[in-house]
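Engineer: Residue numbers are given in our numbering: position 71 of the sequence shown equals residue 159, and the series is strictly consecutive. Yeah, the Cβ is synthetic: ideal placement off N, Cα and C, and Gly gets one too. Questions regarding the structure given below will be posed in turn.
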Amino acid sequence: MAGTKIPESVLVLIHTAALDVLLLERADHPGFWQSVTGSRDSYDEPLAHTAARELAEETGITVSPMSSRPIIDWNFQQVYEIYPHWRHRYPEGITENIEHVFSVCVDRTIPIVLAPREHTRYQWLPWPEAAESCFSWSNASAIRALAERFRP
89 MAGTKIPESV LVLIHTAALD VLLLERADHP GFWQSVTGSR DSYDEPLAHT AARELAEETG
149 ITVSPMSSRP IIDWNFQQVY EIYPHWRHRY PEGITENIEH VFSVCVDRTI PIVLAPREHT
209 RYQWLPWPEA AESCFSWSNA SAIRALAERF RP
């Protein structure tokens, strides 16, 4: 039976001013490191809401329009092929996902509260190491772009 997951998601890069990047280890795939990701709950959910929701669900970091930590919409998207072993989550015939990139700059001392069903560990890495550690090419590419965009 085909799933109902919407093939449109967000990627949220969490970084410090010095460009250390927070990576999360997937619970369902030990050794797979990534940034915060997640799909829209509905087609009318604004992408910025999806990004803020996923950020809070996966790390406990909250943002709001009045926050001292604004979430930044890069107005950039990447299209990637959905891994075959995850295609059952999507409607039949869906093979690609559109990923919208966001970022948020935080202090490294911010408490991180992982969603245990999604992630088991986290680590802060300098951006070059973070990019190399990601299993996803689109995540690695966004981290490299982060360095260009926000280099101190």
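1) Could you pull the start and end residues of the alpha helix (DSSP H) that Trp215 belongs to?
2) Leaving aside the five residues before and after Arg157 along the sequence, list all residues of the same chain whose C-beta is less than 8 Å from its C-beta, in chain order.
3) Shorter than 7 Å from the beta carbon of Arg157 to some beta carbon of chain C?
4) Using 10 angstroms around the beta-carbon of Ser97, count the other beta-carbons present and answer buried if the total reaches 16, otherwise exposed.
5) Under 7 Å, do Glu133 and Glu206 count as touching if we go by C-beta distance?
6) In terms of residue numbering, what span does the beta strand (DSSP E) encompassing Ser127 cover?
7) Could you give the DSSP three-state label for Glu96: helix, strand or coil?
8) Between Leu143 and the rest of its own chain, which residues show a CB-CB distance below 6 Å, the 5 nearest in sequence each way excluded?
9) By the 10 Å Cβ neighbour count, where 16 or more other Cβ atoms means buried, how is Ala106 classified, buried or exposed?
10) Could you give the distance in angstroms between the alpha-carbon of Pro95 and the alpha-carbon of Glu169?
11) Beta strand (DSSP E) containing Glu113: first to last residue?
12) Mapping DSSP to helix, strand and coil, what is Phe164?
13) Going straight from the alpha carbon of Pro199 to that of Pro216, what length do you get?
14) Relative to the C-alpha of Ala230, which candidate in Pro172, Leu202, Glu187 and Tyr171 has its C-alpha closest?
15) Ala203: which of Glu113, Ser127 and Glu236 sits nearest, CA to CA?
Structural biologist: Considering the structure as presented:
1) Unbroken alpha helix (DSSP H) run through Trp215: Trp215 to Ser221.
2) Only Ile149, Val151, Val192, Cys193 and Val194 meet the Cβ criterion.
3) Here chain C cannot be found, since the structure has a single protein chain.
4) Classification of Ser97: buried, given that the 10 Å Cβ count is 16 or more.
5) It is not a contact, given that the beta carbons lie outside the stated cut-off.
6) It spans Val124 to Ser127 - the beta strand (DSSP E) in which Ser127 sits, taken as one unbroken run.
7) Residue state, collapsed to three classes: strand.
8) When the five nearest sequence neighbours on each side are left out, the beta carbons in the same chain lying within less than 6 Å of the beta carbon of Leu143 are those of Val100, Val124 and Ile149, in order along the chain.
9) Exposed: under 16 other Cβ atoms inside 10 Å.
10) If I take the Cα positions, the gap works out to 10 Å.
11) For Glu113, the enclosing beta strand (DSSP E) starts and ends at Asp108 to Arg114.
12) Strand at Phe164.
13) Whole-angstrom Cα-Cα distance: 23 Å.
14) Ranking Pro172, Leu202, Glu187 and Tyr171 by Cα distance to Ala230 puts Glu187 first.
15) Among Glu113, Ser127 and Glu236, the Cα nearest to that of Ala203 is on Glu113.
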